[in-house]
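Residue numbering for the first sequence follows numbering that gives the first Met the number 0, beginning at 0 and increasing consecutively. We treat Cβ as the ideally placed atom computed from N, Cα and C, and that holds for glycine. What you are looking at is a predicted structure, and each value in this text was computed from that prediction instead of being measured.
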Amino acid sequence: MPFSPPGRYVTTGMLADVQALVAADGRPHEEVAADGAPEATDRVAGRVMLWRHMGKRLFGTLQDGTGRMQVSLFRDEMDPDTYRALAKGVRMGDFVGVEGYRYITGKGEPTLGAREVTVLQRALEPMPDKWAGVHDADLRYRKRYLDLLVNPESRQRFQVRSAMISFIRRWLDDQGFMEVETPMLTAAASGAAARPFSTHHNALDRDFFLRISPETYLKRVVAGGFDRVYEIGRNFRNEGIDASHLQEFTMLEWYAAYWDYTDNMEAIRTLLTATLEATTGSTTVDHDGVALEFGVQWPVYDYRTLVRDATGIDLAVVRDVDTLKAEITSRGIADDLGDTVSYAALVDLLYKRTVRPGLVQPCFLIHHPAELVPLARRNDDDPSVLDMFQVVVAGWEIVKAYSELVDPIEQEQRLLEQVELRAAGDDETMMMEDDFIEAMRHGMPPMSGLGLGIDRLVALATGAPTLRDVVLFPLLREAPGDSAQAPGDATPAVGDADDAN
RNA sequence: GCGCCUCUAGCUCAAUUGGCAGAGCAACGGACUCUUAAUCCGCAGGUUCUGGGUUCGAGUCCCAGGGGGCGUACCA
């Protein structure tokens, strides 16, 4: 059967909306038909999910972004040849438009009785099993369109994701924050302790890094006079993959002049509870059968106290690499620490092994040792710790924030210490950024910034066991036999390639 | 990176101790006037991830490689 699909199909509404209208009408078919040939009142379009052919009558189920709705075709109500062609020619997966009249079937199903059916586009490949769907994780990630089509819980995760980001944007806008964009291709990877991806700019014949954090650029923006700014965007870190880590992940960072970290503690608690309430309808999140309660005051834990209670190691006393290394190994917390050269890396390892897994309910973790973050402001009463906090939930860090270091002299000194560590073999230190120091020398107001891992928040809120389930197309290895080139391998064709777009 | 598990038809899964590779759904042909995963009849569908090995005989056992999952290490 030859179909000639049109490029456009005007509907009178989305499926869920039309279905509600039909249900509200509520007239059985006999009643509608008693008045003679019923007039078409609605036009809908969607993908054919079911097509049940019963001789002189057939029922189809269409699906669009709002839901599903049943349509029916009667041979007696249209040209028999057309009916036959549609009954035989339409397959699951095809897109069709249906113009028809409203009625309720004997079983109570709101249905659009077709006067005219338009095939909008055929599907040449078969749909996944209509009942079993797609379960294979590999297939779900590589062919996400099939996953979204047949797995409602996957659909819903991405709807929640979108709603959360949208809500967060509005909230920040309402608080007087301005959304800005800063470079992803940068000369120095800064703002976090992580290994970067590197790439090459041909015309400049120079290597660049994909940003691991927008932090130092956002501070430059604040220095420029925009007192409250935020950016929602991708960060890239050249690290391993697991349930709570992705190579590219979406981060919200904001900076507010004249705030300190305590202002951010209050702000993030307000924002997160409001976001959960608005997008999931509750401030309680189920996590493997444990109810995570966001709607209360979150406990505040002192970092070094927790580490001391969990391990017996007092980081206020143990201040150098070698002693700490000895303490860790002698207590059997870790054995192979031979290549770890920085105090910060050891502290971090200690905390992640012993403390973090026990932090299940939402909590604030504050006053990390000063060595951990070279961009954070020291505490006035105890300069060996930072005015900093993290929000930890279910063993996942979803927020990191601190009062910012805005003293250029101290900043330069602390970045120099990072450079020395790098020279000693720690490849996850920050790089020196002279331009950032210079910006600070021109003057920066006191401020506090905050970073929120959007993917993790969405995964927690939707019960997704892994971040790959809340990212549409997570990075995977090349599929066997896949001829597509990875983006990094793309070679421009001969000639000008710059007028694409 | 390392360790463990896994890969069978388009999809979801079977296949006894190593003994003829199967089912449901989808597809294809047909029947059917109220279906809801419609039902019924028929038909077809395979490099059992790839390559090697052991064996009279391998989906099954062994070796190497690839994809995926989980754990672990690094990171948020």
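Comparing alpha carbon positions, the residue from Glu-437, Gln-410, Ala-84 closest to Gly-54 is Ala-84.
Contact annotation: the region 257-264 touches the region 385-402, with at least three C-beta pairs closer than 8 Å.
Checking the DSSP bridge columns, you'll see Glu-214 has no partner listed. Residues Phe-176, Met-177, Glu-178, Val-179, Leu-217, Val-220, Val-221, Trp-253, Tyr-254 of the same chain have their beta carbon placed closer than 8 Å to that of Val-228, with the five preceding and five following residues left out of the count. Cβ neighbours of Gly-66 within its own chain (closer than 6 Å, five residues either side excluded): Leu-14, Ala-15.
Val-457 is the residue among Glu-108, Asp-381, Val-457, Lys-106 whose C-alpha sits nearest the C-alpha of Leu-251. DSSP, reduced to helix, strand and coil, places Gly-88 within a helical segment of the structure shown.
DSSP places Gly-96 within a strand segment (E or B) once states are collapsed to three. Counting only runs of 4 or more residues that sit fully inside the region 406-473, the alpha helix (DSSP H) segments are 407-422, 433-440, 453-461, in chain order.
Secondary structure of Met-264 (DSSP, three-state): helix.
The C-beta distance from Ile-327 to Leu-314 rounds to 11 Å, too long to fall under 8 Å, and the pair is not in contact.
The region 140-190 contains, as complete alpha helix (DSSP H) runs of 4+ residues, the segments 143-149, 151-173 (chain order). At a Cβ-Cβ threshold of 8 Å, Val-47 and Val-89 count as neighbours.
Linking Glu-396 to Leu-291 through their CA atoms gives a straight-line distance of about 14 Å. Three or more pairs of CB atoms, one per stretch, sit closer than 8 Å, so the region 187-203 contacts the region 414-433.
For Val-17, the secondary structure class from DSSP, reduced to helix, strand or coil, is helix. Checking the DSSP bridge columns, you'll see His-199 partnered with Asp-206. Leaving aside the five residues that flank Arg-160 on each side, the residues in its chain whose CB is nearer than 7 Å to its CB run, in chain order, Val-457, Val-469. Apart from sequence neighbours up to five positions away, the residues of its chain that approach His-286 with a beta-carbon distance below 6 Å are Ala-393, ordered along the chain.
Of the residues Ser-71, Ala-122, Glu-98, Asp-128, the one whose Cα lies closest to the Cα of Glu-108 is Ser-71. Runs of alpha helix (DSSP H) with 4 or more residues, each lying fully within the region 244-328, are found at 260-279, 302-310, listed in chain order. Taking the Cα of Arg-376 as reference, the smallest distance to any Cα among Ser-447, Leu-203, Glu-416, Leu-348 is reached at Ser-447. For Gly-223 and Pro-407, the gap between their C-alpha atoms comes out near 16 Å. For Asn-234 and Thr-10, the gap between their C-alpha atoms comes out near 40 Å. Nearest to Gln-410 by C-alpha distance, out of Pro-373, His-199, Gly-99, Pro-368, is Pro-373. The three-state secondary structure of Glu-29, taken from DSSP, is helix.
Straight through space, the alpha carbons of Phe-73 and Pro-37 are spaced by roughly 12 Å. By the neighbour-count criterion, in which 16 or more other beta carbons inside 10 Å mark a residue as buried, Asn-263 falls on the buried side. Taking all protein chains in view, the Cβ of Gly-424 is surrounded by fewer than 16 other Cβ atoms within 10 Å, so the residue is classified as exposed.
Per DSSP, the beta bridge partners of Gly-66 are Asp-63. DSSP places Gly-112 within a strand segment (E or B) once states are collapsed to three. In the DSSP assignment, Leu-364 falls within the beta strand (DSSP E) that extends over 362-365.
Excluding sequence positions up to five before and after Met-77, its CB lies within less than 8 Å of the CB of Ala-113, Arg-114, Glu-115, all in the same chain and listed in chain order.
Residues of the same chain with a CB within less than 7 Å of the CB of Asp-241, apart from the 5 flanking positions on each side, do not exist. The distance from the Cβ of Val-320 to that of Val-340 is about 7 Å, consistent with a contact at the 8 Å cut-off. In this structure, Val-133 keeps its C-beta atom at 8 Å or more from the C-beta atom of Arg-141.
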